[in-house]
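**Student:** The structure that follows is given in the form of structure tokens.
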Amino acid sequence: MDNKMKLVGRDMSIKMGITMSFCLSLIGTLTSGHFTIPGFLISFVVSTIVSLVIGFVIPMGKVGSAILNKFGLIRGTLPARCLESFVSDLIYTPLMTFVMVFLAYQMAMKQSGGMAGLNFGKMFLGSLIICFIAGFVIIFIVQPIFMRQTMKKYGKAEPED
0 MDNKMKLVGR
10 DMSIKMGITM
20 SFCLSLIGTL
30 TSGHFTIPGF
40 LISFVVSTIV
50 SLVIGFVIPM
60 GKVGSAILNK
70 FGLIRGTLPA
80 RCLESFVSDL
90 IYTPLMTFVM
100 VFLAYQMAMK
110 QSGGMAGLNF
120 GKMFLGSLII
130 CFIAGFVIIF
140 IVQPIFMRQT
150 MKKYGKAEPE
160 D
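Heads up: the sequence shown runs through residues 0 to 160, numbered per numbering that gives the first Met the number 0.
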């Protein structure tokens, strides 16, 4: 892979990871009904670490290009953007949501001495639905903006197909 594309991929992973982590942590803690600044910050830091690991392990540019090629879609078109956003959301959101809900569940159980009466499965499923929808919208909106900024920053590098 060309060095410019490695820089673009790394920059995109960082920008998308931090953005997704911030937004999903905020949504998760707000919808939990127990928003606290420390809870939000812990969720944000942990989910940022998780999302950065995912972003550096999974080459989203290559994955996106392969999916678009498989379906015969042209990058930048509405159907292509929807599919790329969906695939990215499918890769990031379930794991990030699981980690955030697991942390919240553990904190609630610890604070209540194990008497919180919470159902992890219900907590996770409800949060996953909300975060998956929000994640898709966030990715759909910010990914092309970040891509334009990143391409401009590193010159006229073209996404890998």
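Just so it is clear, CB atoms sit at the ideal spot from N, CA and C, and this is done for glycine as well.
None of the values given here were measured: they were computed from a predicted structure.
Which residues bound the alpha helix (DSSP H) around Met118?
**Tutor:** It is Asn, not Met, that sits at residue 118 in the sequence shown. No alpha helix (DSSP H) holds Asn118; DSSP gives it neither H nor E.
**Student:** Whole angstroms are fine: how far does the CA of Tyr153 sit from the CA of Gly75?
**Tutor:** Approximately 19 Å between the Cα atoms of the pair.
**Student:** Assuming Ile53 and Tyr91 form a contact by the criterion Cβ under 8 Å, report the distance between their Cβ atoms to the nearest whole angstrom.
**Tutor:** Confirmed, about 6 Å.
**Student:** Within this structure, are the beta carbons of Ile138 and Asp88 separated by less than 9 Å?
**Tutor:** Yes, they are a contact pair.
**Student:** Could you check how far apart the C-beta atoms of Leu94 and Val49 are, in whole angstroms? I think they sit under 8 Å.
**Tutor:** The Cβ separation is near 6 Å, so the contact holds.
**Student:** So, for Phe55: in the same chain, excluding its five sequence neighbours on each side, which residues have a beta-carbon less than 7 Å away from its beta-carbon?
**Tutor:** Within the same chain, Phe55 has close Cβ partners Ser12.
**Student:** Check each candidate in Leu51, Leu82, Pro58 and Leu77 and name the one with the smallest Cα separation from Ile66.
**Tutor:** Checking every option, the nearest Cα to that of Ile66 belongs to Leu82.
**Student:** Could you work out which residue in Lys151, Met15, Gln142 and Met150 is closest to Arg80 when comparing CA atoms only?
**Tutor:** Looking at the Cα atoms, Gln142 is the closest of the given residues.
**Student:** What's the C-alpha gap between Cys130 and Ser46?
**Tutor:** Distance between the alpha carbons of Cys130 and Ser46 is about 13 Å.
**Student:** Measuring only the C-alpha atoms, how far is Leu25 from Leu124?
**Tutor:** Rounded to whole angstroms, Leu25 to Leu124 spans 17 Å at the Cα level.
**Student:** Can you look up Arg74 in the DSSP assignment and give me helix, strand or coil?
**Tutor:** It is coil, neither helix nor strand.
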